[in-house]
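One structure is given here, and the rest of the page talks about it.
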Amino acid sequence: MADRRYTKTHEWVTVDGREATIGITDFAQSQLGDVVFLELPSAGRKLAARETFGVIESVKAASDLYSPVAGRISAVNDKLSSKPELINSDPFGEGWILKLELAGELPPDLLDEEGYKKVTEASAQ
Amino acid sequence: MTTEPLSFELSRPAVDPPRLPDADVPGPAPAGVLPSELLRSRPPGLPRLSEPEIMRHYSRLASLNYSISENFYPLGSCTMKYNPVLNEQAAALPGFAGLHPYQDEESVQGALELMWRLEQALCAVVGVDRVTLQPAAGAHGEWTALRMIAALHHSREEKRTEVLVPDSAHGTNPASAALSGFHVVEVKSGADGRISLADLESKLSPQTAALMLTNPNTLGLFEREILDIAEMVHATGALLYYDGANLNAFMGICRPGDMGFDAVHMNLHKTFTTPHGGGGPGAGPVGVKSDLVPFLPAPTVERTNGHLTLDYKHPQSIGRVRSFYGNFGMLVRAYAYILAMGGDGLSQASQDAVLSANYLRKLVETDLEMPHDGPCMHEFVASAHNLHEDGVRALDVAKALLDRHFYAPTVYFPLVVPEAIMVEPTETESKATLDSFATAIKEIVAQARADPQSLHDEPRNLPVGRLDEVTAARKINAYLQGQSEDPILRWKAPSETLPKDPC
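Chains A and B supply the protein sequences, listed in that same order.
Residue 32 in our numbering sits at position 15 of the first sequence; the count goes up by one each step and never skips.
Residue 386 in our numbering sits at position 372 of the second sequence; the count goes up by one each step and never skips.
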């Protein structure tokens, strides 16, 4: 998907008008293993780019979640609280985490598909 | 092999209820001091079993258990290093075992002297000026030391808010720092598995309160540049903290105090052979250099002309960190161990621990991946990443070891090694034991190549098979979030014959 952007911390973001949808990448879910829990914020909260907004926990590890963009949370994927496995089965689709009402421009350091691929290849070594 | 029911489930109404002995200390009758609603109207609902039945129940439970008395723990001092019987004999001496913490000082001179002497011995082993024996565990020791470090900076009117922690650190390090109110800053390891001096340089600042370091680090590698590290840290006005989890590698050979560490915790339940891992409480004494001495938890044990006292007059003390005087029984065991070994014995133990680890590492280096070059210190970290293509993970290797009558090593730690398998044989294991463990690893790796699926079903021969930890974690989280009524782990009385209301 050409318009998907990534962070070095393995989040993705897509933008539709002023609405951004964010989640974690397929590489991230494969590294974490079976996801068992997500601690997520409520709608309405404002996030800065790269701000920690929650925690994702797998059997192996707990990791912070960072927002790739700045904005106000317009929706939280409620399905994840009862079905955290959606992150594993469909990280770019049903496993989306937050929707944000964008504030300002997209940060310039977001990576494209090619750039993110290099990040994952480096960490696979 | 089967599991064993609870004693409550074995209870038979035909057996008389257990008779409890009268209290052996004088005291007021409960009715005189407790409100009426807290008084029992009926005897407690204890299980009713005959003596042979209860004896067999506990013997069967013991046979289901795994212990250091039976076999090898591959992450030795971290899980359970052998606990010498002599320690237990010393701790069971009536003069120690029968003490009460409220006894007056004159009647506990022997116990105070033991604490004083243990402090002297620990000062000598790690190279510090004073030691507090109060902390009840390693993490508690970390927290105690960080409180002292914060107090020292505060007394100098310096505002230092950050604690530096390497990415290979024990998880307790950042946790203790965060709990002490510091912001945690991670320092990267270099390709050789040791702390990156360049990264350390970039993270040190006037905000830095301390660097917490384990040496040898969790990869079993000695931080060779420790003197440079100490100089860099001290040049910024920060302190250097030693996480003593790996002291087993070099006691009696070199000393953290001489490397430039300002505060040091020791795990008596690791290095000094007191029980842990369910076998007993921990003890995490903290040693400090002179700058930190005024901030030690009160009371300290002082000795003047052979007379021992508890000294509470420390106006700058961070205060007591543990009720009474720490886990005293553990102090007795550790002191017994130190006396039995002597200085030469302690350094021999470290040398043997390092030899065992390197011998075992060599035996399995072609079976598992070795992400860092040897030789190692008292432990090594291997990786099961080479079994990845067969669909076999470190977890599967650990479970397969259980079926071969070994305890599992620590897996997935340190975090900087994928599919980590951490092995520390310790000084007490014979060559034959190390050889048989290596043989088990070789068999498991061969099985992973030939029939990987079979490894996912291990263990097969234990009372409990492979646990579904994913489902367990998800269900517990659902319960904690109020989305499920089922707490999963609640015991329910199976029949009418059982005692019901305990009151």
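Glycine is no exception: its CB is placed at the ideal position from the N, C-alpha and C atoms.
| Asked | Found |
| --- | --- |
| If you draw a straight line from the alpha carbon of V478 (chain B) to that of R74 (chain B), how long is it in whole angstroms? | 15 Å |
| Return the chain-ordered list of same chain residues with a C-beta closer than 8 Å to the C-beta of T17 (chain B), the five sequence neighbours on each side being excluded. | L78, P477 and V478 |
| I think A223 (chain B) touches Y256 (chain B), with their Cβ atoms under 8 Å apart; what is that distance to the nearest whole Å? | With 8 Å as the limit, A223 (chain B) and Y256 (chain B) do not qualify as a contact, their Cβ atoms being about 15 Å apart. |
| Alpha helix (DSSP H) containing P188 (chain B): first to last residue? | T186 to L193 |
| Mark Y72 (chain B) as exposed unless 16 or more other C-beta atoms lie within 10 angstroms of its C-beta, in which case mark it buried. | exposed |
| So, is the C-beta of R336 (chain B) closer than 9 Å to a C-beta in chain A? | no |
| How would you call G298 (chain B), buried or exposed, if buried means at least 16 neighbouring beta carbons within 10 angstroms? | buried |
| What number of angstroms, rounded off, separates the C-alpha of S83 (chain B) from the C-alpha of Y96 (chain B)? | 8 Å |
| Mind listing the chain B neighbours of D20 (chain A)? Cutoff is C-beta to C-beta under 7 Å, in chain order. | Within chain B, no residue comes near D20 (chain A); the closest Cβ sits about 32 Å away, beyond 7 Å. |
| Can you give me the C-alpha to C-alpha distance between L127 (chain A) and G296 (chain B), rounded to a whole angstrom? | 48 Å |
| Pull up the distance between the alpha-carbon of Y426 (chain B) and that of L100 (chain B), whole angstroms please. | 35 Å |
| Decide if I267 (chain B) is buried, meaning its Cβ has at least 16 other Cβ atoms within 10 Å, or exposed. | exposed |
| Please report the distance separating the alpha-carbon of G343 (chain B) from that of Y349 (chain B). | 10 Å |
| Pull up the CB-CB distance for I240 (chain B) and M273 (chain B), whole angstroms please, since I reckon it's below 8 Å. | 5 Å |
| When burial is assigned at 16 or more other CB atoms within 10 Å of the CB, is N229 (chain B) buried or exposed? | buried |
| Do T287 (chain B) and P98 (chain B) have their beta-carbon atoms positioned less than 9 Å apart in this structure? | yes |
| Determine, for L512 (chain B), whether the minimum Cβ-Cβ distance to residues of chain A falls below 9 Å. | The predicted position of L512 (chain B) is uncertain, since its pLDDT is 48 and thus under 50; no value can be drawn from it. |
| Measuring only between beta-carbons, confirm whether Q497 (chain B) sits less than 9 Å from chain A. | yes |
| So if DSSP puts Y83 (chain A) in a beta bridge, which residue, or which two residues, is it bridged to? | A:T69 |
| Hey, out of B:L415, B:D500, B:S370 and B:V431, whose CA is closest to K445 (chain B)'s CA? | B:S370 |
| Can you check which of these residues, B:L132, B:L214 and B:A165, is closest to V199 (chain B) by C-alpha distance? | B:L214 |
| Going straight from the alpha carbon of S119 (chain B) to that of R336 (chain B), what length do you get? | In the sequence as displayed, the identity of residue 119 (chain B) is Glu instead of Ser. Going by the C-alpha atoms only, they are around 18 Å apart. |
| For V145 (chain B), which residues of its own chain have a beta-carbon under 6 Å away from its beta-carbon, when the five flanking residues on both sides are left out? | E133, L136, C137, P299 and G301 |
| Check whether the region 87-94 of chain B touches the region 412-426 of chain B, counting contact only when three or more Cβ pairs, one atom from each stretch, lie closer than 8 Å. | yes |
| For P180 (chain B), which three-state DSSP category applies? | strand |
| I'd like the list of long-range same chain contacts for P389 (chain B), defined as Cβ closer than 6 Å, with 5 residues on each side in sequence excluded. | N372 |
| Report the rounded CA-to-CA distance for G112 (chain B) versus N262 (chain B), giving the unit in angstroms. | 31 Å |
| Determine whether the beta carbon atoms of G71 (chain A) and N94 (chain A) lie at a separation below 9 Å. | no |
| Cα separation between W130 (chain B) and K217 (chain B)? | 39 Å |
| Here's the rule I'm using: 16 or more other beta-carbon atoms within 10 Å means buried, otherwise exposed. How should D515 (chain B) be labelled? | Unreliable placement is indicated for D515 (chain B), whose pLDDT of 48 sits below 50; the coordinate value is still reported in the next sentence. Looking at its Cβ environment, which holds fewer than 16 other Cβ atoms inside 10 Å, D515 (chain B) is exposed. |
| At a CB-CB cut-off below 8 Å, which residues of chain B make contact with F54 (chain A)? | A487, R488 and N491 |
| Thinking C-alpha only, which one of B:M265, B:V179 and B:Q123 is nearest T352 (chain B)? | What sits at residue 352 (chain B) in the sequence shown is Ile, not Thr. It is B:M265 whose Cα lies nearest to the Cα of I352 (chain B). |
| Give the interface partners of D51 (chain A) over in chain B, defined as CB-CB distance under 7 Å, in chain order. | V484 |
| Please confirm if the region 311-325 of chain B is in contact with the region 185-200 of chain B, defined as three or more CB-CB distances below 8 Å between the two stretches. | no |
| Examine chain A for any beta-carbon lying closer than 9 Å to the beta-carbon of L429 (chain B), and answer yes or no. | yes |
| Inspect the CB distances between the region 353-360 of chain B and the region 405-416 of chain B and report whether three or more fall short of 8 Å. | no |
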